[in-house]
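K.L.:
For the sequence shown, my numbering begins at 2 and goes up steadily by one.
Note that beta-carbon positions come from the ideal geometry of N, C-alpha and C, so glycine has one too.
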Amino acid sequence: MFSKRADEKRPLADKVAVITGSTKGIGFAIAQRLAQNGAHVVISSRKQQNVDRAVATLKEEGLSVTGTVCHVGKAKDRQHLVDTALEHSGGVDFLVCVAGVNPLVGSTLGASEQIWDKKLGVYNTSKAALLGLCKSLAIELAPKGIRVNCLVPGIIKTDFGLGEKTVPNLLPELNKIYGLQRFGEPEDCAGIVSFLCSPDARYITGENIIVAGFSPKL
2 MFSKRADEKR PLADKVAVIT GSTKGIGFAI AQRLAQNGAH VVISSRKQQN VDRAVATLKE
62 EGLSVTGTVC HVGKAKDRQH LVDTALEHSG GVDFLVCVAG VNPLVGSTLG ASEQIWDKKL
122 GVYNTSKAAL LGLCKSLAIE LAPKGIRVNC LVPGIIKTDF GLGEKTVPNL LPELNKIYGL
182 QRFGEPEDCA GIVSFLCSPD ARYITGENII VAGFSPKL
């Protein structure tokens, strides 16, 4: 457990963070880091068993956490997620949107019909749109003191995205285009998000921050 004295030194003490898609991979790493830095985190995913497991893991570390099921594609679930956070503290300081769909890796023209049927044909386009949305929201919300930033991860080793077991034949080639010669870890993203939520980032908004080991593709 964290002592009161230690809590005073944590930059996100007494803050509340809502993180979607946060029971595994990047989302979980972010939730864990924010909680370690003092925030109460509200985690979520589509499956109750995943929520229960993630909550138990964080509580074992003595961290402050609440969990609930949320499919971000359903308005009712989104409202319940917000209500859960409000019930705990009456407000939300940080919203971290991590939930998404599996990306297509490799040639677009070489994608199978199954991938296209899953509506991933517009995946790259939607990601580009998010970068523009980040800047637009940053401009609109700045007068209210709300900052909006976008994390742009490279290939991160998670069960959800690309892992060494997923594309063993592509590993040598993929490593060549990453300056640090390795795939990213979820923790590589977590620290950046924690910084962006901290007072040290109070003058940073509307930025697209790349965490990709220097990939010329991003």
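#1: Where does valine 66 sit, in a helix, a strand or coil, going by DSSP?
#2: Leaving out five residues on either side along the sequence, give the residues of the same chain with a beta carbon under 8 Å from the beta carbon of methionine 2.
#3: When DSSP labels each residue in this structure, what does valine 153 get in the three-state scheme?
#4: Helix, strand or coil for isoleucine 205, going by three-state DSSP, please let me know.
#5: When we look at the beta-carbon of alanine 129 and count the other beta-carbons within 10 Å, is it buried (16 or more) or exposed?
#6: Please determine, among Leu96, Leu197 and Tyr204, the residue with the shortest C-alpha to C-alpha distance to isoleucine 210.
#7: Compute the beta-carbon to beta-carbon distance between glycine 26 and proline 187, rounded to the nearest angstrom, for a pair I have assumed lies under 8 Å.
#8: Under 8 Å by Cβ, that's how I've got valine 97 and alanine 18 pegged, so tell me the actual separation to the nearest angstrom.
#9: Can you list, in chain order, the residues of its chain whose CB lies under 6 Å from that of glycine 207, leaving out five sequence neighbours each side?
#10: Rounded C-beta distance between arginine 47 and valine 70? I'm assuming under 8 Å.
#11: On the DSSP letters alone, give me the boundaries of the alpha helix (DSSP H) that alanine 86 sits inside.
#12: Do you know offhand how far phenylalanine 215's Cα is from alanine 30's?
#13: For glutamine 80, count the other beta carbons within 10 Å of its own beta carbon; 16 or more makes it buried, fewer makes it exposed. Which is it?
#14: Within 10 angstroms of the Cβ of leucine 132, are there 16 or more other Cβ atoms? Answer buried if so, exposed if not.
#15: Short of 6 Å in beta carbon distance, which residues of its chain neighbour glycine 68, apart from the five on each side in sequence? Order them along the chain.
#16: Do valine 66 and valine 42 have their C-beta atoms within less than 7 Å of each other?
#17: For arginine 148, count the other beta carbons within 10 Å of its own beta carbon; 16 or more makes it buried, fewer makes it exposed. Which is it?
#18: How should serine 195 be labelled, buried or exposed, when 16 other C-beta atoms within 10 angstroms of its C-beta is the threshold for buried?
#19: Taking only the alpha-carbon atoms, compute the straight-line gap between glycine 91 and aspartate 15 and give it to the nearest angstrom.
#20: Following a CB-centred definition, is serine 127 positioned closer than 6 Å to any heavy atom of the ligand FAD?
#21: With C-beta atoms as the reference, is threonine 21 less than 7 Å away from alanine 143?
P.N.:
Based on what the coordinates show:
#1: Residue numbering aside, residue 66 sits at position 65 when the sequence shown is read from its first letter. Valine 66: strand per DSSP, three-state reduction.
#2: For this step, residue 2 is matched to residue 1 along the sequence shown. For methionine 2, the predicted model reports a pLDDT of 48, less than 50, meaning its position is unreliable; a value from the coordinates is still stated below. Counting only Cβ-Cβ distances below 8 Å, and skipping sequence neighbours, we find Gly63.
#3: Taking the sequence shown and counting its residues from 1, one reaches residue 153 at position 152. Under the three-state reduction of DSSP, valine 153 is assigned to strand.
#4: Position 204 of the sequence shown, counted from the first residue, corresponds to residue 205. Looking at isoleucine 205 - three-state DSSP - the assignment turns out to be coil, as it is neither helix nor strand.
#5: Counting from 1 along the sequence shown, the entry for residue 129 is found at position 128. Burial call: exposed.
#6: Numbered from its first residue, the sequence shown carries residue 210 at position 209. That would be Leu197, whose Cα lies nearest to the Cα of isoleucine 210.
#7: The count along the sequence shown starts at 1 and reaches residue 26 at position 25. The count along the sequence shown starts at 1 and reaches residue 187 at position 186. At roughly 5 Å, the Cβ-Cβ gap stays under 8 Å, so glycine 26 and proline 187 are in contact.
#8: Translated into the one-based positions of the sequence shown, residue 97 becomes position 96. Translated into the one-based positions of the sequence shown, residue 18 becomes position 17. 6 Å between Cβ atoms; contact.
#9: Position 206 of the sequence shown, counted from the start, is the residue given in the question as residue 207. The answer, listed in chain order, is Lys136 and Ala139.
#10: Position 46 of the sequence shown, counted from the start, is the residue given in the question as residue 47. Position 69 of the sequence shown, counted from the start, is the residue given in the question as residue 70. Right, the Cβ-Cβ distance comes to about 7 Å (below 8 Å), so this counts as a contact.
#11: Taking the sequence shown and counting its residues from 1, one reaches residue 86 at position 85. It spans 76-90 - the alpha helix (DSSP H) in which alanine 86 sits, taken as one unbroken run.
#12: In the sequence shown, residue 215 corresponds to position 214, counting from 1. In the sequence shown, residue 30 corresponds to position 29, counting from 1. C-alpha separation (whole angstroms): 21 Å.
#13: Translated into positions along the sequence shown, residue 80 becomes position 79. Label assigned to glutamine 80: exposed.
#14: Taking the first residue of the sequence shown as position 1, residue 132 is located at position 131. When all chains shown are included, leucine 132 counts as exposed.
#15: Against the sequence shown, residue 68 aligns to sequence position 67. So the qualifying residues of the chain are Ile44, Val52 and Val56.
#16: By one-based count along the sequence shown, residue 66 stands at place 65. By one-based count along the sequence shown, residue 42 stands at place 41. Yes, they are a contact pair.
#17: In the sequence shown, residue 148 corresponds to position 147, counting from 1. The residue is buried, with at least 16 neighbouring Cβ atoms inside 10 Å.
#18: If you number the sequence shown from 1, residue 195 lands on position 194. Buried: at least 16 other Cβ atoms inside 10 Å.
#19: Against the sequence shown, residue 91 aligns to sequence position 90. Against the sequence shown, residue 15 aligns to sequence position 14. Using only the alpha carbons, I get a separation of about 12 Å.
#20: Only the bare structure without any ligand can be found here, which leaves the ligand FAD out of the picture.
#21: Taking the first residue of the sequence shown as position 1, residue 21 is located at position 20. Taking the first residue of the sequence shown as position 1, residue 143 is located at position 142. Here threonine 21 is not near alanine 143, since their CB atoms are 7 Å or more apart.
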